[in-house]
Structures are given as structure tokens and as C-alpha cells.
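Here is the structure we will look at.
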Amino acid sequence: MTPFTVWCVLTGLAVLAELLTSTFYLLLVAFGLMAGALASWAGASLSSQVLIAAFTGGALVLAWHLWRRRHPAEAPAGQNPDVNLDIGSTVQVSHWESDGRATVQYRGATWSAEWRASPTAPVAAPGPHRIVEVVGNRLVLQAI
0 MTPFTVWCVL
10 TGLAVLAELL
20 TSTFYLLLVA
30 FGLMAGALAS
40 WAGASLSSQV
50 LIAAFTGGAL
60 VLAWHLWRRR
70 HPAEAPAGQN
80 PDVNLDIGST
90 VQVSHWESDG
100 RATVQYRGAT
110 WSAEWRASPT
120 APVAAPGPHR
130 IVEVVGNRLV
140 LQAI
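Below, the structure written as C-alpha cells:
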């Protein structure tokens with residue numbers, strides 16, 4: 000087998016592993032392996048092929064890692080105000096049950112609500128609360 004064929008087989012195996020594991024980093028390693036294949040096709044020496052493959056794959060992995068670090072994943076849909084427009088709205092709670100649940104009127108309907116402790120309000124008390132999350136058809140509230 001020619002070195003070009005070996006590089007292509009390794010690239011294919013890396014892509015297959017990425018498809019099976021859904022690890023984007025393996026796809027970047029596959030790009031590095033393909034760079035080694037292209038270097039082989041261009042007639043570079045074996046040591047140059049390995050260096051080009053390692054540098055390309057490593058640089059892509061590092062670049063992706065740094066990009067992901069600067070762009071954290073979005074909040075889950077139940078906590079993301081861009082997805083759920085109820086997040087940040089206020090409701091009035093007249094009475095809390097002993098288990099930290101309440102029934103509130105919101106948008107013309109009765110909703111089940113639960114209380115989430117905050118540093119400023121460690122105990123559930125009646126009054127205005129802000130919606131911080133929606134879990135199914137239940138509002139998660141925090142005191143204002």
C-alpha cells in the first residue's frame with residue numbers, strides 16, 4: 000500500500016469513529032490526517048507528512064477548543080429567554096404550600112409553580128416573584 004492510501008484509510012477510520020461517537024474533535028483530527036495524505040500525494044517525505052498531519056490536526060483541535068471556551072453553550076430551552084419568552088416575567092404569589100409549591104395566575108390561566116431559593120430570599124414568602132425557568136407546565140420562581 001502506498002503512503003497516500005494509508006493516510007486515506009486512517010482518515011476514513013477517524014471519520015467513522017467520529018460518526019459513531021459524535022465527537023467533533025475526531026473530525027478535526029481527520030482533517031489533519033487528510034493534510035498528511037495531501038502531503039504524501041505532493042511527494043513530501045514521511046517525516047514531513049507526519050509533521051504536517053500532526054500540526055494541522057493539533058492546530059485545528061486547539062483552535063476549536065479556544066473558540067468553544069470563548070463561546071459557551073446556550074442555556075437549556077427552559078431557562079433561555081430567547082426560546083421561552085416567559086422567562087423574566089413577574090407573577091404575584093399569594094400563598095406558598097409547605098412543600099415549596101404554589102398556584103399562581105399568569106397570562107389568564109392557573110399555573111403550578113415551585114420556589115427556588117436565592118441568596119437574597121432563603122425562605123419562600125408571598126409577594127412578587129420572577130419566572131426563572133419553565134419545566135413542562137410548571138413555573139420555577141425566585142423572589143424579587
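Quick note on numbering that gives the first Met the number 0: the sequence shown kicks off at 0 and runs consecutively.
We put the CB at the ideal spot given by N, CA and C, even for glycine.
Computed from a predicted model, the values in this text were never measured in an experiment.
Indicate whether A13 and L25 have their beta-carbon atoms separated by less than 9 Å.
Yes.
Three-state secondary structure assigned by DSSP to L18
If DSSP states are grouped into helix, strand and coil, L18 belongs with the helices.
Name the two residues that bound the continuous alpha helix (DSSP H) containing A53.
Here the alpha helix (DSSP H) through A53 covers 45-69.
Helix, strand or coil: which one does DSSP assign to A72?
It is coil, neither helix nor strand.
By Cβ distance, which residues of its chain are closer than 7 Å to C7, with the 5 residues on each side in sequence left out?
Contacts found: A36.
In the DSSP assignment, find the alpha helix (DSSP H) that holds A101 and state where it starts and stops.
First-last for A101: 100-105, but that is the beta strand (DSSP E), not the alpha helix (DSSP H).
Any chance the CB of W40 is under 8 Å from a heavy atom of the ligand SAM?
You won't find the ligand SAM in this model; it holds no ligand whatsoever.
Let me know if Q48 comes out buried or exposed under the rule of 16 or more other beta-carbons within 10 Å of its beta-carbon.
Around the beta carbon of Q48, 16 or more other beta carbons lie within 10 angstroms, which makes this residue buried.
Given this structure, state the Cα-to-Cα distance separating R100 from A116, to the nearest angstrom.
Just so you know, the alpha carbons of R100 and A116 end up roughly 12 Å apart.
I need the boundaries of the alpha helix (DSSP H) containing A38, first residue and last residue.
First-last of the alpha helix (DSSP H) with A38: 23-40.
Would you check if the stretch 103-115 and the stretch 59-71 touch, i.e. whether three or more CB-CB distances between them fall below 8 Å?
The stretch 59-71 is not in contact with the stretch 103-115.
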